[in-house]
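Residue 10 is where the sequence shown starts when you use my numbering, and the numbers rise one by one after that.
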Amino acid sequence: MDRRDEIIKYYRELERSAFMDLYKEYAHEDTPFPIGYGQTISQPSLVLEMTLLLDLKRGSRVLEIGTGSGYQTALLAKAVERVYTVERVEELYLRAKERLSAMEYTNIEFKLADSKLGWPKKGPFDRIMVTAAPATLPQPLLDQLAEGGKMVIPVGEGYGQDLLLVTKEEGGKINQRKVATVSFVPLRDS
């Protein structure tokens, strides 16, 4: 089984309803749902697409910006050895931490903080997954992306944001490629 097929297998094994407190009966639908505090659980097909774009390796060090319900976090944790996830909403942070601990995920580190700042003390990261949209690419996240690293991030204001695949070459040169038009909640300060 190649790596892509392995990640698709992990995705299919994840029971989305386990990450939803509301609308559980609709968990199988390919649509986002509110999880409270102005945040959403992303549509499953987009979660998979974004995860595949990261081109994860088993040993990748992954930073996730926006823990939310923990759904994306769980998929990342199945695919790599270590995930560092940052959430700014305390109630979501606590709920996701409790949920993922109860599911016996032991390779996730959680932080309650301003998500735009990332987690500098744990970086650099091979991969960064951003699940909320800043108006522009946050420099602190670019700084924490390792050379040879990849970041998937929605960028823009309002509806119709650009989903970007950002890569950092040896020497620090940043490249970005638009891969889709998406609609994410804004990445806010704490």
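A virtual CB, placed ideally from N, CA and C, is assigned to each residue, including glycine.
Practice prompt. Return the CA-CA distance between Glu-38 and Leu-150, expressed in angstroms with no decimal places.
Written response: Indexing the sequence shown from 1 puts residue 38 at position 29. Indexing the sequence shown from 1 puts residue 150 at position 141. The alpha-carbon atoms of Glu-38 and Leu-150 are separated by roughly 32 angstroms.
Worksheet item: How many whole angstroms separate the CB atoms of Ala-122 and Arg-97, which I take to be in contact at a CB cut-off of 8 angstroms?
Response: Locating residue 122 in the sequence shown gives position 113, where the first residue counts as 1. Locating residue 97 in the sequence shown gives position 88, where the first residue counts as 1. Right, the Cβ-Cβ distance comes to about 7 angstroms (below 8 angstroms), so this counts as a contact.
Worksheet item: In the DSSP assignment, what are the bridge partners of Met-59?
Response: Looking up residue 59 in the sequence shown gives position 50. DSSP, once it has assigned bridges, lists no residue as partnering Met-59.
Discussion item. Quick check on the DSSP output: the beta strand (DSSP E) that includes Lys-177 runs from which residue to which?
Written reply: Taking the first residue of the sequence shown as position 1, residue 177 is located at position 168. It spans 170–177 - the beta strand (DSSP E) in which Lys-177 sits, taken as one unbroken run.
Worksheet item: With burial defined as no fewer than 16 other Cβ atoms inside 10 Å of the residue's Cβ, what is the status of Pro-129: buried or exposed?
Response: Translated into the one-based positions of the sequence shown, residue 129 becomes position 120. By the neighbour-count rule (16 or more Cβ atoms within 10 Å), Pro-129 is not buried but exposed.
Fill in: C-beta contact flag for Val-194 and Gln-52 at 8 angstroms
On the sequence shown, residue 194 is found 185 positions in, with the first residue counted as 1. On the sequence shown, residue 52 is found 43 positions in, with the first residue counted as 1. No, they are not a contact pair.
Worksheet item: Which residue's Cα is closest to the Cα of Ile-137: Ser-26, Thr-82, Arg-25, Arg-104?
Response: As a working note, residue 137 is residue 128 in the sequence shown. Comparing Cα-Cα distances from Ile-137 to each of Ser-26, Thr-82, Arg-25, Arg-104, the minimum goes to Thr-82.
Worksheet item: Per DSSP, what kind of secondary structure is Glu-96 in: helix, strand or coil?
Response: For the purposes of this step, residue 96 is taken as the residue at position 87 of the sequence shown. Strand.
Practice prompt. Take Ala-144 as the anchor and find which of Ser-192, Lys-120, Met-29 has the nearest alpha-carbon.
Written response: Indexing the sequence shown from 1 puts residue 144 at position 135. Residue Ser-192 is the option with its Cα nearest to Ala-144.
Worksheet entry | Spatial neighbours of Val-164 in its chain, beta-carbon cut-off 7 angstroms, leaving aside the 5 residues before and after | In the sequence shown, the residue the question calls residue 164 occupies position 155. Hits under 7 angstroms: Ala-142, Pro-143, Thr-145, Leu-146, Gln-170, Asp-171, Leu-173.
Discussion item. Please report the straight-line C-alpha distance between Tyr-114 and Ala-88, rounded to a whole angstrom.
Written reply: Start at 1 with the first residue of the sequence shown, and residue 114 comes out as number 105. Start at 1 with the first residue of the sequence shown, and residue 88 comes out as number 79. Their Cα atoms are separated by approximately 12 angstroms.
Worksheet entry | Residue(s) in a DSSP beta bridge with Gln-52 | The count along the sequence shown starts at 1 and reaches residue 52 at position 43. DSSP lists no partner for Gln-52.
Worksheet item: For Asp-14, which three-state DSSP category applies?
Response: Locating residue 14 in the sequence shown gives position 5, where the first residue counts as 1. Correct three-state label for Asp-14: helix.
Fill in: Three-state secondary structure (DSSP) of Glu-73
Along the sequence shown, read from residue 1 onward, the residue named residue 73 stands at position 64. In the structure shown, Glu-73 sits in a strand (DSSP, three-state: E or B).
Worksheet item: Would you report the Cα separation of Arg-12 and Leu-57, rounded to the nearest angstrom?
Response: Start at 1 with the first residue of the sequence shown, and residue 12 comes out as number 3. Start at 1 with the first residue of the sequence shown, and residue 57 comes out as number 48. The alpha-carbon atoms of Arg-12 and Leu-57 are separated by roughly 13 angstroms.
Worksheet entry | Per-residue DSSP class, three states only, for Tyr-19 | Position 10 of the sequence shown holds residue 19. In this structure, Tyr-19 counts as helix in the three-state DSSP scheme.
Practice prompt. My understanding is that Asp-135 touches Arg-70, with C-beta atoms under 8 angstroms, so please give their C-beta distance in whole angstroms.
Written response: To locate residue 135, count along the sequence shown from 1; it is residue 126. To locate residue 70, count along the sequence shown from 1; it is residue 61. Confirmed, about 5 angstroms.
Discussion item. DSSP has Met-160 in a bridge; who is on the other side?
Written reply: The residue labelled residue 160 in the question sits at position 151 within the sequence shown. Answer is Ile-137, Val-175, bridged to Met-160.
Discussion item. Alpha carbons only, please: which of Leu-55, Thr-60, Ser-110, Lys-120 is nearest the one belonging to Gly-75?
Written reply: In the sequence shown, the residue the question calls residue 75 occupies position 66. Answer by Cα proximity: Lys-120.
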